[in-house]
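Under our numbering, the letters of the sequence shown match residues 2 to 586, in that order. We treat Cβ as the ideally placed atom computed from N, Cα and C, and that holds for glycine. All remarks here apply to the structure that follows.
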Amino acid sequence: MKGLGTRVTVAALLAFATVLAGCGGEAPEPEVETAAAAGEEGGEGAEAATAWATPPQPYFHDVTAESGVDFVHDTGAFGEKWLPETIGAGVIVLDADGDDRPDLLFANGRRFDGKPGEDSPQRLYLNRSDGAIRFEEAGPEWGLGIGAYCLGGAAGDLDGDGDHDLYLACLGRDRVLENRGGRFADVTDRAGLTDAYEFGAGAVLFDADHDGDLDALATRYVTWTPDDDLFCSLDGSTKTYCTPQTYPGASPRYYVNRGDGTFEDRTEAAGVLFPAMKAMGVALLDLGDDGHVDVAVAGDTQPNLLLKNDGSGNFEEVGASSGMAYSSLGTVRGGMGIHAADYDRSGRDSVVITYFAQESSGLYRNQGNEFFVDVAGRTDLGPGTLTTLGWGIFFFDYDLDGWLDLFLANGHLDPEVENVQQRVRYAQPQQLFRNLGGGELEELAGEAAGDLAEPRVARGAAYADFDGDGDLDVAVSTNGGPAAIFENRGPRYGHWLRVALRGSESNRDGIGARVAVNAGGVTQERMVETGGSYLSQNEMTLTFGLGEAERVESVVVRWPSGAQQELTDLPVDQMVEIEEAAAGN
């Protein structure tokens, strides 16, 4: 245990909190990226980030065996190589039991109808950590044996009762599970989700129309059923897994929360109908810094989508015009996982996407004015991901130096790939890229990678402070294999501040709120989000690495309601819970 930080609850009406009207500003002019400019950007912060080279010891240690997490993913495979067997699954961080500790929900497959095997439930692990990472599996009374083949999802307070509900993306119809204080109830029928045998993938929950309720946008991969499974082969006789080009696409689904336990399907009316799309990961961002939550979607052999929210829950697709839809050569790639964050401290959210082997991951740096440039090739990320097949991905500050680093979960989908491609492996190491400032990312390899270097057939990945010590740990799911829990035990290069929001006019967790922390003359901005990574969700509590700063000058919260709230002169190394102030206070 590295020192448990003090938890401070900040009530809405404390004297040092001020409530201001929401404000906006014009977007800056586009920047032209050059090698010289990249080296200069970041100033003193960039120099501080490069003060050390190789860490003296590995950061992440595999503590799965002692953590109590014994989840093994069920693909439902029975020898016929059906497409869904290769895709899953994600891991969702949520507070299922309301004790303010991050729990884990692993999405799970099941046997296919009429085929050999036994049904497998979705698996929930409740956090029992007390200085070391410890989980206890939730029993059958939690109601997760829902008889569905699920791949990913998101968590949030859908009904406004103060706890975390679940939206699960599954084969056929997605599922809505209402948290009833110790068990989940399947309320999908009442919710009114579309019943179609499409291939569900990921989901995000957010307040698209600023009415205080969480809406849902769920990605669909392809149109596939057991009855129309196709025969694909490399040698003409032995069946292999088909590529996504083989099957028709399927549009994402967008559901507006009516506030009474039901949802309205507004996919077409709101501008989200893309019938040819083959989508996997989905992430939230604030494209124009206007307080409206926008959506980025990773396309597999289809252009990526960037859905700009007009503030009323209607969207305009700007991916093609922004430079994010295609590669720099104008081609589509096999997009899997996706995440968005202000990794370069520009005040603007950039987007990172994992792609298929031989394609490299993409790092779409936000230049302002809704324009992105893929700069992955200017960092270790481009060459470092050329032979990997990436899935889970996220920005996070693992060493608390004030710069967002990058984690990737890798693994191929074809066990036979090594027979046809010498440089590509089925099980692959996970990757960690340290942010050096100035837009530079450096891969930590060899001894510095520690247990992350152990090859896995990974899929989903999520981060959270599982042991309550202030730094971020990692959970990874494996396709058809055991999950992995990695504890962060590395040296620290800074202090920290963790911020949890509790909305009143806004949604309960402040999803879509933007938080700016000012410490040591540096400003960092994050948005409270759901979804992201690959069919997964990170914890909603925000962790800010503060570097050498000894005090926090201010924390500014811009709520989805439009209110702005400021706290000043805070100590470091603590959890701060901020309640949204009532209007007029």
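Unbroken beta strand (DSSP E) runs of no fewer than 3 residues, entirely contained in the stretch 498 to 567, are found at 515 to 520, 523 to 528, 543 to 548 and 552 to 559, following chain order. The Cβ atoms of residue 94 and residue 532 lie no closer than 8 Å to each other.
DSSP, read as helix, strand or coil, puts residue 276 in coil. Of the candidates 562, 269, 166 and 192, 166 places its Cα closest to the Cα of residue 182. Exclusion of the five residues before and after residue 389 leaves 411 and 429 as the residues of its chain whose Cβ lies within less than 6 Å of its Cβ. One alpha carbon belongs to residue 142, the other to residue 347, and they sit about 47 Å apart. Linking residue 573 to residue 98 through their CA atoms gives a straight-line distance of about 28 Å.
Annotation: residue 244 is outside any alpha helix (DSSP H) and is labelled neither H nor E by DSSP. Contact check for residue 444 against residue 431 fails: the beta carbons are separated by 8 Å or more. For residue 139, the CB contacts under 6 Å within the same chain, skipping 5 residues up- and downstream, are 125 and 127 in chain order. DSSP, read as helix, strand or coil, puts residue 143 in helix. For residue 371, the number of other beta carbons within 10 angstroms of its own is at least 16, and it is reported as buried.
The alpha-carbon separation between residue 290 and residue 553 amounts to approximately 23 Å.
Using a Cβ distance threshold of 8 Å, residue 331 and residue 282 do not count as a contacting pair. Using a Cβ distance threshold of 8 Å, residue 499 and residue 521 do not count as a contacting pair.
About 6 Å separates the beta carbon of residue 303 from that of residue 333, a gap short enough to meet the 8 Å contact definition.
According to the DSSP assignment, residue 385 belongs to the alpha helix (DSSP H) that extends over 382 to 385. Residue range 185 to 187 is occupied by the beta strand (DSSP E) that includes residue 187. Between residue 135 and residue 309, the alpha-carbon positions lie close to 40 Å from each other. The shortest CA-to-CA distance from residue 306 to any of 314, 297, 312 and 518 is the one to 297.
Across the structure, residue 92 and residue 156 are spaced so that their CA atoms are roughly 11 Å apart. In the DSSP assignment, residue 351 falls within the unbroken beta strand (DSSP E) covering 351 to 354. According to the DSSP assignment, residue 65 belongs to the alpha helix (DSSP H) that extends over 65 to 68.
Inclusion of residue 393 and residue 477 in the CB contact set at 8 Å is warranted, their separation being smaller than that value. The alpha-carbon of residue 201 is positioned some 9 Å away from that of residue 280.
Ranked by how close their Cα comes to the Cα of residue 80, the residues 68, 88, 106 and 113 have 113 in first place. Between residue 510 and residue 158, the C-beta gap is smaller than 8 Å, which places the two residues in contact. Between residue 214 and residue 583, the alpha-carbon positions lie close to 17 Å from each other. Per DSSP, the beta bridge partners of residue 258 are 264. Here the alpha carbon of residue 576 sits roughly 13 Å from the alpha carbon of residue 468. Short of 7 Å from the beta carbon of residue 185, and not among the five residues preceding or following it, lie these beta carbons of its own chain, in chain order: 143, 144, 145, 167, 178 and 179. In terms of Cβ geometry, residue 380 and residue 409 do not form a close pair [threshold 8 Å]. About 7 Å separates the CB atoms of residue 465 and residue 539; that is less than 8 Å, so the two are in contact. Residue 572 sits in a strand when the DSSP states are folded into three classes. Under the three-state reduction of DSSP, residue 177 is assigned to strand. Annotation: residue 75 to residue 569 spans about 49 Å, alpha carbon to alpha carbon.
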